[in-house]
C-alpha cells in the first residue's frame with residue numbers, strides 16, 4: 001500500500017472516529033429524538049407547503065399584473081380564453097403568457113441562483129455546529145419572502161419589489177436547503193437499514209401536506225385574493241419558527257464545537273468538509289457520487305421544469321383552465337405523487353433492487369410528459385398527472401443511496417452538495433423550459449413536454465453504469481478480504497513449518513550426540 005493511500009485511509013478512519021465521538025457525546029439528545037414519532041416533519045411539511053403554494057400563486061399573481069399592464073396600455077383582455085389565432089384577444093393572451101413566463105423565470109433564477117451559493121456552505125457548517133440554527137434561518141428566509149409578497153399584494157407595489165423577497169429567500173437557502181438539512185437530521189437519529197423507509201415516509205407526508213394545501217388555494221384566491229393567502233403562510237411559518245426555537249420541541253442532534261472559533265474559522269472548516277467529500281477514492285466512492293449527482297440533476301430538471309411550466313401550460317389556450325381547476329389539478333398531481341411515493345417506496349424496494357426502481361421512475365416521467373404534451377382534454381390531463389405518481393420517488397431513492405455512501409459526519413455536506421447539483425438543474429430548468437415555451441406557445445404549446453419526455457430516458461445509461469459498478473466493487477471487496485485471510489493463514493503456516501523444522505533439527509542434533517556417545521563407549 002502506498003504512503004498516499006495510507007494517509008487517505010488514516011484520514012477516513014479519523015473522520016469516522018470523530019463522528020463516533022460526536023455521537024457518544026450527544027447520546028441523550030439523539031436518543032430522545034430517535035424515540036419520537038414527530039421531530040422535524042412539521043418544519044419540512046410547512047416549509048414545502050409554503051414554497052409550493054407560493055410557486056403556484058406567484059405565477060397567477062404575475063399573470064394578473066402583466067394583464068393589468070396590458071389593459072392599461074389600451075388593450076382589452078378577453079376573459080373567455082379564445083383559441084382563434086386571428087382574434088386580437090388570442091394574440092394578446094399569447095403575449096401575456098410569454099411575458100409572464102419570462103418574469104417567473106427571472107424571479108426563480110434570483111432565488112435558486114443565490115441558494116446555490118449558500119446551500120453547500122450552510123449544510124457543511126451544520127455537520128459540525130448543529131442542525132437547528134440553519135433550519136431556523138432557512139424558514140425565516142421563506143417567511144421574509146412571503147411577507148414581501150404580502151406587502152406587494154396589499155399595497156399594490158411594483159413587480160420589481162418581488163426580487164427583494166426572492167433574494168432573501170435565496171440567501172437563506174430556499175427550499176433547496178431545508179430539504180437536505182431535514183434529511184440529515186433524520187439520518188442522525190436513524191440507522192442505515194431504516195433510513196430509506198424513513199426518507200420515504202417523511203417526504204411522502206410532506207408532499208401530502210403540500211397537496212392538501214393546494215386544494216383550497218384556488219378557492220381562497222378567487223374568494224379573497226392573494227393577500228390573505230400570503231398572510232396565512234406567514235402565520236404558519238411563524239408557528240414553525242417558534243417550534244424550532246423551543247429547545248424541548250426540536251432537539252439538537254449534532255455536537256456543537258465548544259472551542260471558541262471565529263465565524264471565519266467555522267466557515268473555513270465547512271469549506272474543508274466540502275473539499276474532502278470527493279477526495280476519498282476508496283471503493284471508487286467519488287465516481288459513484290458523480291453518477292448519483294448526474295442522475296439527480298436530470299430528475300430535478302424534469303420534475304421542477306414540468307411542475308412550474310404545467311401551470312402556465314394549462315392556463316393558456318387551448319386548455320384555458322380557471323384558478324380553481326389549476327388548484328385541483330395541482331392537488332391531484334401532488335396527492336398521486338404522495339401515495340405513489342409512500343406505496344412505491346414501501347413495496348418496490350422489497351421486490352426490486354434500487355436500480356430497477358429508478359428505471360420504473362423514469363417510465364413514470366416518460367408517460368407523464370407525453371400525455372401532458374400531446375393531449376388537451378381535461379380528463380386525459382388528470383390521467384397524465386396520475387401516471388406521474390412515481391416521479392418524486394426517484395429523488396428520494398437517490399438521496400438514500402447517497403446517505404448510505406458517505407460517513408456519519410458527512411451527511412449534511414453530502415446531501416447539501418447533491419442538492420446543490422440538483423439546484424443547478426433548477427437554475428437551468430426555468431431558463432430552458434420557460435424560454436422554449438415562450439418561443440413555441442404560438443404554434444405548439446406542448447412541445448416542451450414532448451422534449452422533456454425524450455430527456456426522461458437520459459438517466460437510463462447512467463443507472464446501468466452504476467449497477468455494473470456496484471457488483472464489481474462488492475466482488476473486489478470480497479476478494480480483498482479473502483486475500484487478507486489467506487495471507488494471514490499463510491503467515492501462520494510459515495511459522496508452524498519453521499517451528500517444525502527447528503524441532504527436527506534439535507532432534508537430529510540430539511540423535512547425533514547419542515550416537516557419538518555410544519560409539520565412544522564401544523571403543524573403550
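Residue numbers (the UniProt record's numbering): 1 to 524.
Glycine included, every Cβ here is placed at the ideal spot set by N, Cα and C.
How far does the alpha helix (DSSP H) with residue i in it reach, from first residue to last?
i: residue 222; result: 192-224
i: residue 180; result: 174-188
i: residue 341; result: 323-351
i: residue 378; result: 378-387
i: residue 149; result: 132-155
i: residue 357; result: 354-374
i: residue 399; result: 391-405
i: residue 164; result: 162-171
i: residue 306; result: 285-315
Using a Cβ-Cβ cutoff of less than 7 Å, which residues in the same chain neighbour residue i once the five nearest sequence positions on both sides are dropped?
i: residue 354; result: 397, 401
i: residue 57; result: 217, 221, 226, 229
i: residue 32; result: 251
i: residue 360; result: 348, 390
i: residue 338; result: 204, 207, 208, 211
i: residue 169; result: 111, 141, 142, 144, 145
i: residue 61; result: 153, 226
i: residue 237; result: 46, 50, 139, 142, 143, 146
i: residue 419; result: 119, 176, 179, 180
i: residue 41; result: 202, 205
i: residue 114; result: 167, 170, 171
What do you reckon, is the C-beta of residue i under 6 Å from a heavy atom of the ligand PLP?
i: residue 345; result: This structure lacks the ligand PLP, and indeed carries no ligand of any kind.
Can you give the Cα-Cα distance for residue i and residue j, rounded to whole angstroms?
i: residue 377; j: residue 319; result: 8 Å
i: residue 387; j: residue 367; result: 6 Å
i: residue 327; j: residue 461; result: 36 Å
i: residue 296; j: residue 321; result: 32 Å
i: residue 97; j: residue 247; result: 47 Å
i: residue 136; j: residue 309; result: 30 Å
i: residue 466; j: residue 285; result: 11 Å
i: residue 190; j: residue 64; result: 46 Å
i: residue 119; j: residue 67; result: 36 Å
i: residue 132; j: residue 141; result: 14 Å
i: residue 121; j: residue 172; result: 11 Å
i: residue 193; j: residue 399; result: 14 Å
i: residue 243; j: residue 287; result: 40 Å
i: residue 305; j: residue 432; result: 8 Å
i: residue 105; j: residue 406; result: 35 Å
i: residue 404; j: residue 417; result: 15 Å
i: residue 69; j: residue 108; result: 21 Å
i: residue 445; j: residue 458; result: 23 Å
i: residue 340; j: residue 314; result: 23 Å
i: residue 233; j: residue 219; result: 16 Å
i: residue 78; j: residue 253; result: Because residue 78 carries a pLDDT of 45, less than 50, the predicted location of this residue cannot be relied on, and no value is offered for it.
i: residue 292; j: residue 331; result: 29 Å
i: residue 414; j: residue 380; result: 40 Å
i: residue 324; j: residue 223; result: 10 Å
i: residue 363; j: residue 38; result: 33 Å
i: residue 294; j: residue 469; result: 15 Å
i: residue 443; j: residue 365; result: 24 Å
CB-CB under 6 Å to residue i, same chain, minus the five flanking residues each way: which ones, in chain order?
i: residue 344; result: 390, 393
i: residue 48; result: 206, 210
i: residue 342; result: 204
i: residue 425; result: 297, 300, 301
i: residue 44; result: 182, 206
i: residue 384; result: 368, 371, 372
i: residue 333; result: 385
i: residue 36; result: none
i: residue 463; result: 355, 358
i: residue 213; result: 49, 53
Tell me which same chain residues have a C-beta within less than 8 Å of the C-beta of residue i, skipping the five on either side of it?
i: residue 117; result: none
i: residue 428; result: 301
i: residue 455; result: 298, 301, 302
i: residue 198; result: 186, 190
i: residue 450; result: 369, 370, 373, 374
i: residue 231; result: 150
Restricting to runs no shorter than 4 residues, where is the alpha helix (DSSP H) found entirely within the segment 424-458? 447-455
Hey, is the segment 175-187 in contact with the segment 152-162, meaning 3+ C-beta pairs nearer than 8 Å? no
Assess, as a yes-or-no matter, whether the segment 100-117 is touched by the segment 147-157 under the definition of 3 or more beta carbon pairs within less than 8 Å. no
Flag this pair as touching only if the segment 436-451 and the segment 136-150 have three or more C-beta atom pairs under 8 Å; answer yes or no. no
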